[in-house]
Amino acid sequence: MAKKKQQTVYSFGTSLRRAREKREYTREQIAERAGISPRFVSAIENDRRKPSLDVLMRLVHAIGTSFDEVLMPQTISEEYTADRIKRLITQCSQRDQELVLALIGQMLDSKEEKQ
497 MAKKKQQTVY SFGTSLRRAR EKREYTREQI AERAGISPRF VSAIENDRRK
547 PSLDVLMRLV HAIGTSFDEV LMPQTISEEY TADRIKRLIT QCSQRDQELV
597 LALIGQMLDS KEEKQ
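Put into structure tokens, the structure is as follows:
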């Protein structure tokens, strides 16, 4: 008896949930930020409902991810993290931006010391 070839099936809901969990957000937090109910987020993540383009855009923004990560998770570019930092830093206060800058400076100094 021949073995059946196992196929990988793309799941938008699973991809969205992984992006949310990767950032340690709850469904409730994302729902509030996107202006939808937690129940609707759950239905989307479990592939029982498909969001409109407007809701998709709000979810992506609420999670702080990119459309690439959600729609094509296997093709995330190397520049993704830098782009995400650029996008998220604008949402921080000036003080918080300065703290992030100082943290990055410390990380680079530590890296240079190790080399």
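One gets my numbering by counting positions in the sequence shown from 1 and adding 496 to each.
Heads up, the beta-carbon is just placed ideally off N, CA and C, and yes, glycines get one too.
Small disclaimer: the values here were computed from a predicted structure and weren't measured.
- Ranked by how close their Cα comes to the Cα of R514, the residues R529, R535, S589 and N542 have N542 in first place.
- For the options L597, L567 and R519, the alpha carbon positioned closest to that of S511 is the one of L567.
- Taking every protein chain shown into account, the CB of I585 has fewer than 16 other CB atoms within 10 angstroms, so this residue is exposed.
- With contact defined as three or more Cβ pairs closer than 8 Å, the segment 553-564 and the segment 588-606 are not in contact.
- Of all alpha-carbon atoms in F508, D550 and M553, the one lying nearest the alpha-carbon of S538 is that of F508.
- In this structure, I532 is the residue among D564, I532, R544 and E565 with its C-alpha nearest to the C-alpha of D550.
- The residues L512, I526, A530 and P547, in chain order, have a CB closer than 7 Å to that of L555 in the same chain once the five nearest residues on each side in sequence are set aside.
- Taking the Cβ atoms as the reference, P534 lies roughly 5 Å from R523, within the contact range of under 8 Å.
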